[in-house]
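J.:
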Amino acid sequence: MSVMKSGAEGLYEVLRHVRPLHQWSAKAVADALAEHDVSMPMRAVLERLMDGAQTVPQVARSLWLPRQVVQRLADAAVALGYLRFVVNPAHRRSRLAELTPAGRRVFGEIHDRELGELGELADRLDPRDIAAAVRVISALTAHTREVALRAGDGPLSGEEM
Numbered sequence: 543m544s545v546m547k548s549g550a551e552g553l554y555e556v557l558r559h560v561r562p563l564h565q566w567s568a569k570a571v572a573d574a575l576a577e578h579d580v581s582m583p584m585r586a587v588l589e590r591l592m593d594g595a596q597t598v599p600q601v602a603r604s605l606w607l608p609r610q611v612v613q614r615l616a617d618a619a620v621a622l623g624y625l626r627f628v629v630n631p632a633h634r635r636s637r638l639a640e641l642t643p644a645g646r647r648v649f650g651e652i653h654d655r656e657l658g659e660l661g662e663l664a665d666r667l668d669p670r671d672i673a674a675a676v677r678v679i680s681a682l683t684a685h686t687r688e689v690a691l692r693a694g695d696g697p698l699s700g701e702e703m
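The opening residue of the sequence shown carries number 543 in this note's numbering; numbering runs sequentially from there.
1) Considering only DSSP beta bridges, list what Arg-626 is partnered with.
2) Looking at the unbroken alpha helix (DSSP H) that takes in Trp-606, where does it start and where does it end?
3) Would you report the Cα separation of Asp-573 and Leu-663, rounded to the nearest angstrom?
4) Report yes if the CB atom of Leu-591 is closer than 8 Å to the CB atom of Glu-640, and no otherwise.
5) Count the other CB atoms within 10 Å of the CB of Ile-652; is the residue buried (16 or more) or exposed (fewer)?
6) Could you check how far apart the C-beta atoms of Leu-588 and Tyr-624 are, in whole angstroms? I think they sit under 8 Å.
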């Protein structure tokens with residue numbers, strides 16, 4: 543006989559699965575990144591820049607990382623040929639970071655591999671369940687962000703939003 547859980551208990555159960563999901567996905571992605579000399583944090587920077595050029599402070603804010611950390615990641619990506627800095631017409635001293643064609647290619651390869659791995663599972667799931675999971679995780683993220691911000695701080699340094 544199954545006991546009906548309250549909505550709060552159900553959401554707590556979802557949260558209990560988020561940490562191991564994050565840990566296992568990070569390991570799987572990190573293993574795949576090694577061949578490109580890309581770390582998980584650098585992958586996050588490359589992903590943010592797929593949407594277009596941004597300043598290092600903009601990327602840092604979006605990832606909830608210190609600007610200095612993102613600067614080091616960007617410099618490492620420049621050394622690999624995945625990123626370049628260009629003139630920012632809106633601000634003389636704050637250059638824009640943008641992906642090079644090699645950076646777009648490498649991120650595309652990384653992302654395509656990730657999608658291939660996820661495709662195996664997606665084929666076994668109902669698309670409506672996937673959409674519901676996205677809605678629930680998005681709502682949980684927004685709610686816990688509000689709770690954390692009411693407490694006076696954002697995420698711990700190094701956590702991605």
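Idealized CB from N, CA, C, for every residue including glycine. Bear in mind the structure is a predicted one, so any value in this text is a computation, not a measurement.
T.: A quick look at the data gives this:
1) Glu-640
2) Run containing Trp-606: none; DSSP gives neither H nor E here.
3) Taking the straight line joining both Cα atoms gives about 19 Å.
4) Contact flag set, yes.
5) buried
6) 6 Å
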